[in-house]
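Here the sequence shown is numbered in full-length UniProt numbering, starting from 1 and rising by one per residue. Glycine included, C-beta positions come from ideal geometry on N, C-alpha and C.
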Amino acid sequence: MTLDQLKYFETAANTLHIGKAAQLLNISQPSLSISIKKLEAELEVPLFQPEGRGIALTSYGRELLPYARSILQQTEAAKKHLKKEADKLNMEIHFAYTASIAYLCIPRLFRDFMSATKGKYLIYSDEMPSDKIAEGIKEGRFDLGICSRIEPDPDIVQIPIIYQPFVLILPSSAPYAGLDFATPEDIQEIPFVSYLTDYPMYRQVSGLFQKYGLTPQITHFAYSEDSIAQLVSQELGISIVAETESLASYENIRILRPSWLTDGRYLYLTYHRLRHQGDGARAMTEFIKNSFS
Numbered sequence: 001m002t003l004d005q006l007k008y009f010e011t012a013a014n015t016l017h018i019g020k021a022a023q024l025l026n027i028s029q030p031s032l033s034i035s036i037k038k039l040e041a042e043l044e045v046p047l048f049q050p051e052g053r054g055i056a057l058t059s060y061g062r063e064l065l066p067y068a069r070s071i072l073q074q075t076e077a078a079k080k081h082l083k084k085e086a087d088k089l090n091m092e093i094h095f096a097y098t099a100s101i102a103y104l105c106i107p108r109l110f111r112d113f114m115s116a117t118k119g120k121y122l123i124y125s126d127e128m129p130s131d132k133i134a135e136g137i138k139e140g141r142f143d144l145g146i147c148s149r150i151e152p153d154p155d156i157v158q159i160p161i162i163y164q165p166f167v168l169i170l171p172s173s174a175p176y177a178g179l180d181f182a183t184p185e186d187i188q189e190i191p192f193v194s195y196l197t198d199y200p201m202y203r204q205v206s207g208l209f210q211k212y213g214l215t216p217q218i219t220h221f222a223y224s225e226d227s228i229a230q231l232v233s234q235e236l237g238i239s240i241v242a243e244t245e246s247l248a249s250y251e252n253i254r255i256l257r258p259s260w261l262t263d264g265r266y267l268y269l270t271y272h273r274l275r276h277q278g279d280g281a282r283a284m285t286e287f288i289k290n291s292f293s
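Written out as structure tokens, the structure is:
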């Protein structure tokens with residue numbers, strides 16, 4: 001039993017005339033008759049009987065009709081619901097990003113994308129740590145995002161798009177503000193503000209310390225470059241952070257680029273390898289690739 005057969009049966013039951021039903025269905029009378037005969041053969045009961053110049057429902061046909069109508073109505077409701085969901089998927093973009101690019105990069109990206117696509121899509125965005133972004137993409141809560149490098153995952157695609165060199169930041173009014181920190185050992189005796197231990201940047205900066213055999217005096221932990229910069233600006237220590245656009249807005253910190261500090265970090269366009277993207281998410285993915293290439 002197919003949906004077409006049920007539709008043909010219902011139309012014939014409504015018109016009680018094979019010719020009129022075939023005309024409404026835009027098929028030939030023989031095709032309609034064959035379809036109904038196949039349905040009767042499958043159900044092993046007659047659904048129609050001749051009556052005058054038309055047809056009439058048998059008792060079996062009258063029993064089947066409400067079920068056929070219900071199935072066809074539910075099918076139509078399902079189609080409408082899925083179309084609505086598909087339209088929603090195509091028009092909405094669920095995007096996540098890290099705090100390090102929240103200051104100017106993300107607002108500028110959203111503005112430029114909306115301008116390029118004439119405001120066609122609706123963007124929902126969240127700021128969160130990189131591991132949470134990857135988790136959200138895997139679970140289907142986000143279409144794409146920009147974040148740090150995560151642990152390799154066969155389901156996740158990461159394309160490097162932004163490079164941020166490491167810089168040393170210190171309070172401009174502290175007693176050690178005049179130092180040039182020409183060697184890595186110069187940071188040893190000064191309180192250090194660190195990234196949170198479960199952040200990718202903590203692992204990168206810790207690797208830098210191991211490289212030079214350093215054991216810094218970590219006194220504070222914070223989750224983002226801006227949080228760290230706020231602590232540093234209050235003379236609570238120094239730090240090594242990724243250079244973000246927002247750092248330039250702090251008047252009471254110095255930004256140093258000593259010759260020994262050559263490392264940096266990439267931020268990655270991140271999305272699911274297999275999950276279907278709607279039109280909006282696909283358009284934004286390509287826009288980001290082209291914008292940062």
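> Where does T98 land, buried or exposed, given buried means 16+ other C-beta within 10 angstroms?
Replying inline: Looking at its Cβ environment, which holds 16 or more other Cβ atoms inside 10 Å, T98 is buried.
> Which residues does DSSP pair with G145 in a beta bridge?
Replying inline: A96 and T270.
> Does DSSP classify R275 as helix, strand or coil?
Replying inline: Of the three classes helix, strand and coil, the one that applies to R275 here is coil, per DSSP.
> According to the neighbour-count rule (16 or more other Cβ atoms, all chains shown, within 10 Å of its Cβ), is Y124 buried or exposed?
Replying inline: Burial call: exposed.
> Helix, strand or coil: how does DSSP classify T183 here?
Replying inline: Looking at T183 - three-state DSSP - the assignment turns out to be coil, as it is neither helix nor strand.
>> In this structure, how does DSSP classify R254 when only helix, strand and coil are distinguished?
In response: In the structure shown, R254 adopts extended strand secondary structure according to DSSP, grouped into three states.
>> Relative to the C-alpha of P200, which candidate in S130, A56 and Y8 has its C-alpha closest?
In response: When S130, A56 and Y8 are compared, the shortest CA-CA separation from P200 is found for S130.
>> Taking the beta carbon of L226 as the centre, do at least 16 other beta carbons fall within 10 Å, making it buried, or is it exposed?
In response: Residue identity differs from the one stated: residue 226 is Asp in this sequence, not Leu. Around the beta-carbon of D226, 16 or more other beta-carbon atoms lie within 10 Å, marking it buried.
>> Y163 and Y268 - do their beta-carbons sit closer together than 7 angstroms?
In response: No, Cβ-Cβ distance for Y268 and Y163 is not below 7 angstroms.
> So E127 packs on A86, CB below 8 angstroms; how close in whole Å?
Replying inline: Between A86 and E127 the Cβ distance is about 28 angstroms, and since that is not below 8 angstroms, they are no contact.
> In its own chain, which residues sit with a C-beta less than 7 angstroms from the C-beta of L89, not counting the 5 before and 5 after it?
Replying inline: Hits under 7 angstroms: G278.
> Does DSSP put V45 in a helix, in a strand, or in coil?
Replying inline: Here V45 carries a coil assignment [DSSP, helix/strand/coil].
> Taking Cβ positions, are L39 and Q5 nearer each other than 7 angstroms?
Replying inline: Taking 7 angstroms as the Cβ cut-off, L39 and Q5 qualify as a contacting pair.
>> Using only CA atoms, which one of Q210, S239 and F181 lies nearest to T219?
In response: Distances from the alpha-carbon of T219 to those of Q210, S239 and F181 put S239 closest.
> Does DSSP put D226 in a helix, in a strand, or in coil?
Replying inline: Note: D226 maps to helix in three-state DSSP.
> Out of P184, A96 and H81, which has the shortest C-alpha to C-alpha gap to T270?
Replying inline: Of the candidates P184, A96 and H81, the one whose C-alpha sits nearest the C-alpha of T270 is A96.
>> Check this for me: beta carbons of L256 and F181, under 7 angstroms apart or not?
In response: The answer is yes: Cβ separation under 7 angstroms.
> Could you give the distance in angstroms between the alpha-carbon of S115 and the alpha-carbon of K132?
Replying inline: Their Cα atoms are separated by approximately 29 angstroms.
> Are the CB atoms of H272 and I137 nearer to each other than 7 angstroms?
Replying inline: Contact flag set, yes.
> Rounded to a whole number of angstroms, what is the C-alpha to C-alpha distance between P50 and T2?
Replying inline: P50 and T2 have their alpha carbons spaced roughly 24 angstroms apart.
> Residues bridged to Q158 by DSSP?
Replying inline: Answer is T270, bridged to Q158.
>> With DSSP as the reference, identify every bridge partner of L168, one or two as the case may be.
In response: Looking at the DSSP assignment, L168 forms a beta bridge with I240 and L256.
> Ordered along the chain, which non-local residues of its own chain (more than five positions away) have a Cβ less than 8 angstroms from that of W252?
Replying inline: Correcting the residue identity first, residue 252 is Asn in this sequence and not Trp. The residues are P171, S172, S173 and S233.
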